[in-house]
Each structure stands twice: as structure tokens, then as C-alpha cells.
Amino acid sequence: MDHLLGSAAVSRSKRVLPLDTVEHPCNLAFTRALARSFVKTIGIHLSQLFSGEALVAAAAEVQWFFKDELGGDGGVFGGPSEMTLQQFTARLAMLELGSTDIPCMIQRNLGWLRDALVLSAVEVQALRWAYCLYRDTSGTVNRLLNQITYTASATAWTALGLLLDVSPAEVNRWLNAPCRLVGLGLLTQSPPWPPPLTVARHLQPSRTLIYALEMPYRSTAGLVHALTEAESSWLFEIDPVPDSVVFTELFPLAAATAYARTANHQSLTADDIVALVEWWSQHRLTQAACTALAGHLDFWAIQRAIRRCFVDASVSRDATRRVTHLRLLQRYLPQPYNRPRDRRLSA
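Going by the working numbering, the residue at position 346 of the sequence shown is 346; the numbering climbs one at a time, nothing skipped.
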């Protein structure tokens with residue numbers, strides 16, 4: 001999340017960014033409705049998502065969010081005058097919330113993405129959660145998702161299944177590499193931090209997603225084309241270039257090296273190309289296959305190639321097409337290898 005805030009702060013672009021504009025009332029209403037729906041979902045499944053002190057803290061967070069409906073003066077459970085957890089979740093389940101089916105730019109663009117890219121129900125729901133995680137002005141959705149921890153993947157799939165209202169098996173298929181939403185650049189990956197991890201790491205929105213949902217595109221074709229544009233990083237806009245430790249805190253070591261080399265205006269090596277392809281597409285090219293490309297490809301050309309590959313595969317309904325071979329990657333590499341004029345920002 002911080003990379004989105006940071007990138008907006010250091011942008012040098014003359015174009016007004018969606019994150020810097022006053023929200024349209026319909027978009028605000030939609031986001032608020034999403035947040036209420038998602039916090040209710042978390043609250044209903046409190047005992048399955050949290051335990052111990054984290055359970056008490058999460059229950060208090062949910063109660064405060066719905067203080068007007070539930071009252072927010074006392075604790076949720078633990079005392080003679082307080083609700084039990086079962087009573088609390090039962091009251092939550094009976095809460096009647098407004099519909100999230102609010103006509104707005106976000107809804108329209110999300111529908112266009114769903115239809116053009118043939119997104120599954122779980123992918124669409126994941127994008128809704130990711131967008132709300134960032135746009136919920138109360139911060140409640142973000143805080144709660146970052147409190148749902150796990151050490152085993154099966155636990156994460158179960159938790160995400162409860163949130164997205166799908167089975168753990170469907171979550172596993174969605175996140176199984178290559179994760180299409182990551183390859184499309186709509187979600188960002190989080191570094192493999194030491195456990196425990198949080199489920200929020202699987203729902204991190206990219207700046208591409210924010211643009212895709214909030215910009216007033218005139219057609220589906222214009223929206224889909226925008227997905228193939230490369231993004232830069234706010235790390236490249238800082239002067240002087242950050243210390244290498246900053247990059248390693250944000251990315252796996254190999255990808256961090258490639259990012260740092262780009263920030264320092266150095267040519268990418270074969271190892272850098274391998275690392276970036278793997279980070280963005282979750283497929284690994286061999287070092288030998290990339291040797292001839294070293295010094296000829298830059299950060300943006302590689303990213304555009306991968307995004308075009310995933311977009312074309314989705315639009316053509318060929319979900320099996322993957323960046324698994326050098327020739328496939330080369331097919332999407334633009335000539336000559338120039339940076340895009342409009343370098344949007346993300347990490």
C-alpha cells in the first residue's frame with residue numbers, strides 16, 4: 001500500500017492522477033458500500049479468521065465500524081453486560097446493508113475488465129477487495145486483512161475462501177502460479193517475508209488497477225490497451241537513489257538488484273532479465289536464454305512484453321498461454337527498446 005502513496009507524492013507527471021482528484025460521489029458511495037459489506041463478512045467469520053487477542057481486537061474493530069448499528073461503548077464479549085461472540089456475529093448477520101450495486105465508473109470499468117479478459121468470479125471479487133483495501137477511507141478493511149495471519153498456504157486459502165465466498169480449492173486455482181491478475185499487472189506481489197504472513201499480501205492493488213477502475217475510458221478497447229502500458233516505480237523518482245537495502249525490503253534479492261540497477265541507469269544483465277520476468281510473470285527463463293538480450297532490454301520493455309502476453313492470452317480466451325519460452329517473450333518485445341513517455345507509478 002505504501003508504494004501507492006509514495007508514488008503519488010513524488011510524481012512529476014503533469015497529468016492529474018486519479019489518486020489526486022476529488023472522488024465522484026457515486027464512486028465514494030460504491031466504495032463505502034463495499035467496505036460495509038466486506039467488514040460485515042469479516043465480522044461474521046471472526047472465530048474462523050482470528051484467535052486469542054487478535055480475535056478480541058478484530059471484534060472491537062468491527063463493533064466500532066458498526067457502532068451506529070451495534071453500539072460501540074463496551075467490549076464485544078468477556079463481561080456480564082457484554083455480548084458473547086455468538087450473539088455478536090448473529091447480530092452482524094442480521095444487519096441489513098445497502099446494495100453494492102451502485103452505478104458508477106468503478107462498476108462500469110470492472111464490468112468491462114470482466115467481460116474483455118474473461119475474468120472468473122473469484123478474480124472479480126479479488127479485485128473488489130483489493131480496490132476497497134486501498135480506497136476504504138476508514139482503513140478498517142486494510143487493518144483487518146493485515147491481522148489475518150497464516151503460516152501454511154492451506155490456512156490462507158481457507159481464509160480467503162471465506163472472504164471471497166468461494167471454496168479453498170477455487171482460491172488455490174486463482175493463486176496458483178502464474179496468477180493471472182499479477183501477470184496482468186492488476187495486483188502486485190509482496191516479498192516472501194518470514195512467517196506469519198497476512199492474507200492482505202494476496203490482495204495488494206497496483207496503480208494499474210486504480211487507473212483501470214477510475215479513469216473514464218471511452219471504450220473497452222481503450223481500457224484493455226491501457227493495461228499493456230508499462231509502469232515505473234516511485235523508487236526511480238527519488239534523488240539521490242535510495243540505498244540498496246530499501247530495494248531488498250520491497251522485493252526478493254534478485255528482483256531488487258534489477259530495480260536498483262534501473263534506478264542507477266545501468267543496463268540490465270541476463271540475471272536481471274530472468275529476475276524481472278519471474279517477478280512479474282511467475283515463470284522463469286534460463287540465464288542462458290537471456291544472455292543475448294542483456295544490455296538490450298530495459299525494465300519497461302520487459303514489463304510491457306509480459307503484460308501484452310497476459311492481456312492477449314486473456315482476450316483470446318487462451319488461458320493456457322504462458323511466458324515460458326524466450327521466443328514467446330521476444331514476440332511481445334517492442335522495437336526499438338524505448339521507455340514509454342507516460343511512466344505511471346507503482347512499486
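Backbone N, C-alpha and C fix where the C-beta goes; we use that ideal spot for every residue, glycine too.
Residues near I102 by beta carbon distance below 8 Å, same chain, minus five either side: If you number the sequence shown from 1, residue 102 lands on position 102. Sequence-distant partners of I102 (beyond 5 residues in either direction) whose C-beta falls short of 8 Å from its own C-beta, in its chain, are C26, A29, F30 and A33.
Which residue wins for smallest C-alpha separation from A154, given the options R304, Q189 and N172? As a working note, residue 154 is residue 154 in the sequence shown. Among R304, Q189 and N172, the Cα nearest to that of A154 belongs to N172.
Can you give the Cα-Cα distance for T41 and P168, rounded to whole angstroms? Numbered from 1 along the sequence shown, position 41 holds the residue referred to as residue 41. Numbered from 1 along the sequence shown, position 168 holds the residue referred to as residue 168. Those two C-alpha atoms are separated by around 16 Å.
Output the boundary residues of the alpha helix (DSSP H) element that contains S153. Taking the sequence shown and counting its residues from 1, the one referred to as residue 153 is at position 153. Per DSSP, S153 belongs to the alpha helix (DSSP H) from S153 to L164.
So what does DSSP say about Y150, is it helix, strand or coil? Reading the sequence shown from its first residue, position 150 is the one you call residue 150. The answer is strand: DSSP assigns Y150 an E or B state.
If you follow the beta strand (DSSP E) that S233 is part of, which residue opens it and which one closes it? Counting from 1 along the sequence shown, the entry for residue 233 is found at position 233. Per DSSP, the continuous beta strand (DSSP E) segment holding S233 begins and ends at E231 to S233.
Taking R32 as part of the alpha helix (DSSP H), name the residues at either end of that continuous run. By one-based count along the sequence shown, residue 32 stands at place 32. Run containing R32: P25 to I44, per the alpha helix (DSSP H) assignment.
By the three-class DSSP mapping on this structure, what secondary structure does T140 have? Your numbering for residue 140 matches position 140 in the sequence shown. If DSSP states are grouped into helix, strand and coil, T140 belongs with the helices.
Just curious, the alpha helix (DSSP H) that E214 is in, first and last residue? Walking along the sequence shown from the start, residue 214 turns up at place 214. Looking at the DSSP string, the run of the alpha helix (DSSP H) that includes E214 is R207 to E214.
Quick check on this structure: which residue in E69, Q63 and S99 has the alpha carbon closest to the alpha carbon of T84? One-based indexing of the sequence shown puts residue 84 at position 84. Of the candidates E69, Q63 and S99, the one whose C-alpha sits nearest the C-alpha of T84 is Q63.
What does the Cβ neighbour count give for T291, buried or exposed, with the cut at 16 atoms within 10 Å? Position 291 of the sequence shown, counting from 1, holds the residue named residue 291. Label assigned to T291: exposed.
In three-state DSSP terms, what is Q63? Taking the sequence shown and counting its residues from 1, the one referred to as residue 63 is at position 63. Three-state result, Q63: helix.
Could you compute how far the alpha carbon of T324 sits from the alpha carbon of A294? As a first step, residue 324 is located in the sequence shown; it is residue number 324 there, counting from the start. As a first step, residue 294 is located in the sequence shown; it is residue number 294 there, counting from the start. Summary for T324: the model assigns pLDDT 46, below 50, so the residue's position carries little reliability; its value from the coordinates is reported in the next sentence. So the two alpha carbons sit approximately 18 Å from each other.
Collapsed DSSP secondary structure at T188 in the structure displayed: Taking the sequence shown and counting its residues from 1, the one referred to as residue 188 is at position 188. Here T188 sits in strand by DSSP.
L268 (DSSP reduced to helix, strand or coil): As a first step, residue 268 is located in the sequence shown; it is residue number 268 there, counting from the start. The answer is coil: DSSP assigns L268 none of H, G, I, E or B.
Assuming H24 contacts M105 under a Cβ cut-off of 8 Å, what Cβ separation, rounded to an integer in Å, is found between them? Stepping through the sequence shown from its first residue, residue 24 is reached at position 24. Stepping through the sequence shown from its first residue, residue 105 is reached at position 105. The Cβ separation is near 7 Å, so the contact holds.
Does DSSP put T100 in a helix, a strand or coil? As a position in the sequence shown, residue 100 is number 100, starting the count at 1. T100 falls in the coil class under three-state DSSP.
Secondary structure at Q86, three-state DSSP: helix, strand or coil? Here the question's residue 86 lines up with position 86 in the sequence shown. Three-state result, Q86: helix.
DSSP beta-bridge partners for L197? Position 197 of the sequence shown, counting from 1, holds the residue named residue 197. Paired residue(s): Y150.
Those residues which DSSP pairs with V303 across a bridge: In the sequence shown, residue 303 corresponds to position 303, counting from 1. Looking at the sequence provided, one finds Gln at residue 303 rather than Val. Bridge partners of Q303: none, in fact.
State yes or no: is the C-beta of T151 within less than 8 Å of the C-beta of P196? For the purposes of this step, residue 151 is identified with residue 151 of the sequence shown, where counting begins at 1. For the purposes of this step, residue 196 is identified with residue 196 of the sequence shown, where counting begins at 1. A contact, by the Cβ cut-off of 8 Å.
Express the C-alpha separation of A90 and V224 in angstroms, rounding to a whole number. Taking the sequence shown and counting its residues from 1, one reaches residue 224 at position 224. Taking the sequence shown and counting its residues from 1, one reaches residue 90 at position 90. Roughly 43 Å between the two C-alpha positions.
So that I know if they touch, is there some Cβ in chain D lying closer than 8 Å to that of V246? In the structure shown, chain D cannot be found, because there is only a single protein chain.
Measure the alpha-carbon distance for S138 versus T269 and round it to whole angstroms. Position 138 of the sequence shown, counting from 1, holds the residue named residue 138. Position 269 of the sequence shown, counting from 1, holds the residue named residue 269. Straight-line Cα distance between these residues: approximately 44 Å.
Quick check: Q48 and L162, are their CB atoms within less than 8 Å of each other? By 1-based counting over the sequence shown, the position of residue 48 is 48. By 1-based counting over the sequence shown, the position of residue 162 is 162. Result yes, Cβ atoms of Q48 and L162 sit closer than 8 Å.
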